[in-house]
Amino acid sequence: MTTNYDGKILGFTHDWISTNKLIRKVHGNKTLILKAIKDLEDIDYLESRKVKNTKEYKRIDDAQTETEFNKMMKDTFEWNQKQELDRIDTTVSITKGSGIKLTKEGKELLDHIQFEIDRAYMIIIRTKYQVQLEILPNNIAQPRIRWLKQHIANIMDSLKEHYPKEAIREYFQNHTKKLEFKI
2 MTTNYDGKIL GFTHDWISTN KLIRKVHGNK TLILKAIKDL EDIDYLESRK
52 VKNTKEYKRI DDAQTETEFN KMMKDTFEWN QKQELDRIDT TVSITKGSGI
102 KLTKEGKELL DHIQFEIDRA YMIIIRTKYQ VQLEILPNNI AQPRIRWLKQ
152 HIANIMDSLK EHYPKEAIRE YFQNHTKKLE FKI
């Protein structure tokens, strides 16, 4: 999930805003912005409503209940993790020859893993933010953060087990972005 647009989308949705107006304010690739909006809605960071013929979005500042968080982890994160781990097990190599140059399939795999890791980090950042706002108690936030960090560690450990560490290191050093959310 996390795209360069997530922070901007969350920043512009403190009040209800139409899809078209939000796309204009975020300013970028319309398809990627729409995907980011849908992803943020799927993980309960945005709510939507229909107003006549338009759809409007608003950021949800409330913390997820334990049931909502568990459902998100099981339905989204754990399902995606299983897909990633299966794909890691079935992809023989992600590099060309003995070097660190990635194959097309290897790059796609690492891109998707990066997407999943960014999504988990986004929720960690959001959870810490909710603790600061005193929306979510720290004793509830910390187990959630540990669960998300373990989710990331499981995928990364499997990657390191199956593929050359140099190729993995090279990819993630060059493709990791700083996650900032201006809320």
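Quick note, the numbering used here runs 1 ahead of the 1-based positions in the sequence shown.
C-beta atoms are modelled at their ideal positions from N, C-alpha and C, and glycine is treated no differently.
Quick caveat, the model's predicted, so the values are computed rather than measured.
Residue i, enclosing alpha helix (DSSP H) - first and last residue
i	result
Ser94	No alpha helix (DSSP H) contains Ser94, which DSSP labels as neither H nor E.
Glu79	That residue, Glu79, is in no alpha helix (DSSP H); it is neither H nor E in DSSP.
Tyr130	105-133
Pro144	139-163
Beta-carbon proximity check, residue i vs residue j, cutoff 9 angstroms
i	j	result
Ile114	Lys150	no
Ile10	Ala37	yes
Leu47	Tyr6	no
Residue burial classification, residue i (beta-carbon count within 10 angstroms, cutoff 16)
i	result
Leu134	exposed
Ile24	buried
Val27	buried
His15	exposed
Gly98	exposed
Asp43	exposed
Rounded C-alpha distance that separates residue i from residue j
i	j	result
Ile146	Gly100	36 angstroms
Glu117	Phe78	8 angstroms
Asn155	Asn30	32 angstroms
Met73	Arg170	29 angstroms
Glu181	Asp87	Below a pLDDT of 50, predicted positions are generally treated as unreliable, and Glu181, at 49, falls in that range; the measurement from the model is reported next regardless. Whole-angstrom Cα-Cα distance: 31 angstroms.
Arg120	Lys53	32 angstroms
Lys105	Pro138	44 angstroms
Ser94	Lys59	43 angstroms
Asp63	Ser49	15 angstroms
Residue interval of the beta strand (DSSP E) (run including residue i)
i	result
Tyr58	55-60
Identified DSSP bridge partners for residue i
i	result
Arg50	Glu57
Ser19	Glu57
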